[in-house]
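Everything on this sheet refers to the single structure shown next.
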Amino acid sequence: LAGKTVCFGLDGWSNVHNEPIICETVTTSEGQVYLVDTVDTSGRPHTAEYLKDMAASSIAKTENDFKCSVGSIVTDNAANVKKMRTNLEETLEHKKLVTYGCSAHILNLLAHDLEIPNIKDQVVHVIKYFRNNHFASATYRADGNKALVMPQDVRWNTMAGCLNSYIDNWPALVKICENEASRDKIDNIIKGKVTNMGLKRSAEELRDRLNPIAIALDKMQSDKPSLWLSISVKNW
């Protein structure tokens, strides 16, 4: 890192003890990412002022320890962090620092804004049932069907993956719900949702909304991301 100009990144996580940790990374112009420090923020509210002081101290420490120059800083787009970036830019020693929000995080927030809660909840209910109910799960897997995907908030794009897995495997779910050998053992509410064509069409509509964002987000999260490639996704 010596002699290089790098982008400094901050992101909040929780460790195995559920304690709040902020991970600090630097990214070189070649796309190489290095973890330079972790900060335990237990007992400290993440106010914009606190985060600004922490970022300023961490930038100075990084430049001193690794003999590099921090030219920019990237964070997520939470309100307190956006305010921190503004405050940091206003300090005399960081007037030339370029600060910006993570583009991939913005796409993830956009995907959340486009979700239809009622449709999402019903699809998740069906998938959870076929993953967790012993009979339903065994019957589904016995035919060699592909795994059903559950959405996870900490893993971006899993809602799009959930909808795709539901729609792609919908014929298999209907078969189980209508087959004489298995239908009496499937929960009636689940059968009603699986055979509801209105729900399927709504799930397809939501999938079609989210898939272009999911493709763009994957490009943005790649090892060599390109903003141009992300926004040039077909049907965007």
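Residue numbers for the sequence shown follow our numbering, beginning at -3 and rising by one.
All C-beta atoms, glycine included, are put in the ideal place defined by N, C-alpha and C.
In this text, all values refer to a predicted model and were calculated from it rather than measured experimentally.
Check, Outcome
"Nearest residue (CA-CA) to N160, options A168, T24, A199", "A199"
"Top-ranked residue by Cα proximity to G67, from S38, D61, L47, T23", "T23"
"One or two residues paired with Y96 in a DSSP bridge", "V70"
"Contact between the stretch 204 to 219 and the stretch 1 to 14 (3+ Cβ pairs under 8 Å)", "no"
"Alpha-carbon to alpha-carbon, T71 and Y96", "7 Å"
"Endpoints, the beta strand (DSSP E) within which D7 is located", "1 to 10"
"L31 - DSSP class collapsed to helix/strand/coil", "strand"
"Reduced DSSP category for V122 - H, G, I as helix; E, B as strand; rest coil", "helix"
"Beta-carbon separation (whole angstroms), V32 vs T58, contact threshold 8 Å", "5 Å"
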